[in-house]
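Okay, so here's the structure we're looking at.
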Amino acid sequence: MIVPMTVAVWLIDGSDQASLSRTGTKRHFWPSLRSAASSGWWWGLGYFVAGLWWLGAATLVEPDKFAWALPIAVLGLPAILAFFPALGFALARALWMPKAGRVLSLAWGLGTSEWLRAHVLTGFPWNEYGMALGDHLVLAQIGSVIGLHGLTLIAIGVFASPALLADREEIGGWPPGGWHAYRPVLYACCAFLALAAFGAWRLGGGQPGTVDGVKIRIMQPNVTQDADFTYANKNDILRHYLALSDKATSSTSSGLTDVTHLIWPESPFPFILSRDAEALDAISAALPAGTVLITGAARVEGQPGTSPLPRYYNSIEVLTKGGEVVDSYDKVHLVPFGEYLPVNGLLSRLGLHHFVHIPGGFEHGARQHLLNVPGLPSIAPAICYEAIFPGEILPDLPKGIQPGAILNVTNDSWFGKTAGPYQHFAQARLRAIEEGLPLIRAANTGVSAIIDPYGRIVAQLPLGVENVLDGPLPRRIDHTPFGQFHEFVSFAMSGLLLTIVLFLSYRKRRKFSFDGT
């Protein structure tokens, strides 16, 4: 991240040096903003292509239907997302100033554009710049206070500071360029060390313990979304799941008999589970008394051929021994083009359609709510993509109601063995740190894991492996500052940063007006 942020400073420096004239003239202000925005777009295009190229793998799962969309996935989406850093560069350029103030201007400008990227048009906060810190357990601990958007502000400022080492306003002497170019870098190093010290202190506080009487088993089937994943093969698929779920993992393991909660990943069935009596009977027969199944599943309201048409939901369902669905959660934050088609009437007439094989695509769930699972504390569900949104994991809850864990079920098989599933895992883990809640993650092809409320991995299955994962449920910890205030702290950081930048800009202009230069 040091290289792209350093380059960002230099690109804005070069957008129009005339606008930094000591005369204070603004005749080049708008051209310089356009130049900075153009540089930001190209910079953003490179950033998003490098970070999101793996999206193209989804178009090759069914190449006869979607291979034509490969250039759109690899280049088209990054080209659209690049407008956000273009805006960020322009905002930074509007407040640009000499010396160290440039880094603060960049942090505020790009930080603001990243917040907008997380919210505009349903949002897409994938790989925010703050994940450069959030992907590292020790450095990510400050996320419990400031969240991902706060991490982004710090990451930009810290990683952009080396650009100042190229300033050469003083000739000769030691160090080259004068100490003024080195102080901001030293401050950035101190900030980095402070983050590490805070993280080490927080992680040194001991283990949170585990919930009594709970033994979790996560089933990772490693099933690809290929031609065999069809209704015609439903019996073979279900038998595979049940056999794998009952696997003995050691000489002392007896399969499902001592498991209290069995968890299957997102959308593991090529059929509607809750309407398939044969499948429900098979699951009921396989579950020991007292074992609860929590599984991803498509859910439907209404009947085919009736009016209104059936409505399909991407859901989590909780099943008990008798095959009864005792609770469910419908995904609220759907993936555009993957699970539904925006502006469906127009785009469908152009021959476009979504990736999932659901007539009309999935419907948005009515609201977020906790999932009630027998034998577990209340669960905050997050289906796939929902786990990347900071501050949106938990619904608004009455005072005194506290969830005990986050459950993230996902199906990253669309993206194969690429960087995508690892990025998704890192972002889900940061939600556990932000909220102070343990995370149970069941992924079809991986990475499945049980994670404690500090982000430490208790147990894990790697990508591309068929297996089951057994483990306890870690206890939650006291409310984190982020869990209580969510984005308020990052808003306060952004407001303070803007105030400092405006003050430095005002002082610079006031100095120029007094000395007559």
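Take 8 as the starting number for the sequence shown in my numbering and just add one per residue.
In this text, a Cβ means the ideal position worked out from N, Cα and C, and glycines have one as well.
Predicted model, so just to flag it, every value in this text is computed and none were measured.
H126 is classed as exposed because its beta carbon has fewer than 16 other beta carbons within 10 Å across all chains shown. Closest by C-alpha distance to P405, out of I323, R483, Q491 and G368, is Q491.
For Q227, the enclosing beta strand (DSSP E) has its first and last residue at I223 to Q227. Annotation for H268: no alpha helix (DSSP H) segment contains it, though the beta strand (DSSP E) segment containing it runs H268 to I270.
Distance between W48 and V14, taken at the CA atoms: about 13 Å. DSSP places E324 inside the beta strand (DSSP E), whose first and last residues are R318 to L326.
T452 and F422 have their C-alpha atoms spaced approximately 10 Å apart. Straight across, the Cα-Cα distance linking K254 with I413 is about 25 Å.
Exclusion of the five residues before and after E121 leaves E135 and T159 as the residues of its chain whose Cβ lies within less than 6 Å of its Cβ. In the three-state reduction of the DSSP assignment, Y461 falls in the coil class, being assigned neither a helical nor a strand state. Cβ neighbours of A65 within its own chain (closer than 8 Å, five residues either side excluded): F73, A80, G345, F362, W421 and F422.
Nearest C-alpha to P295 among L59, S261, R318 and R306: S261. Between T267 and K222, the CB-CB gap stays under 8 Å. With at least 16 other beta carbons inside 10 angstroms of its own, S168 counts as buried. T237 sits in coil when the DSSP states are folded into three classes, being neither helix nor strand. Here DSSP, grouped into helix, strand and coil, assigns S512 to helix.
Residue pairing by DSSP puts L476 in a beta bridge opposite I225. A check of alpha carbon separations from A450 across N242, V508, D459 and S274 identifies S274 as the nearest. Nearest to L146 by C-alpha distance, out of Q467, T129 and V165, is V165. Counted as a single uninterrupted DSSP element, the beta strand (DSSP E) harbouring G303 occupies residues V299 to E308.
Looking at T256, E324 and P272, the one whose alpha-carbon comes closest to that of L287 is E324. Excluding five sequence positions before and after T487, the CB atoms of its chain that fall closer than 6 Å to its own CB belong to S151 and G443, given in chain order. About 6 Å separates the CB atoms of P191 and V110; that is less than 8 Å, so the two are in contact. In this chain, the alpha helix (DSSP H) harbouring V14 covers I9 to D20. Cβ contact annotation for L40 (same chain, cutoff 7 Å, sequence separation greater than five): A97, R100 and A101, in chain order. Our two residues, W61 and L468, have alpha carbons roughly 21 Å apart in a direct line. The distance from the Cβ of A394 to that of Q434 is about 6 Å, consistent with a contact at the 8 Å cut-off.
Counting the other CB atoms within 10 Å of its CB gives L171 a total of 16 or more, which places it among the buried residues. In this structure, the straight-line span from the alpha carbon of L341 to that of A250 is close to 31 Å.
Nearest to P381 by alpha-carbon distance, out of T119, E331 and S22, is E331. Per DSSP, the beta-bridge partners of I390 are V416. If you look at S274, you'll find it isn't in any alpha helix (DSSP H); DSSP assigns it neither H nor E.
Shown here, D288 sits in a helix according to DSSP, grouped into three states. Looking at the DSSP output, L446 shares a beta bridge with I413 and I458.
For V332, the three-state secondary structure derived from DSSP is strand.
Approximately 6 Å separates the beta-carbon atoms of I153 and S497; this is inside 8 Å, confirming the contact.
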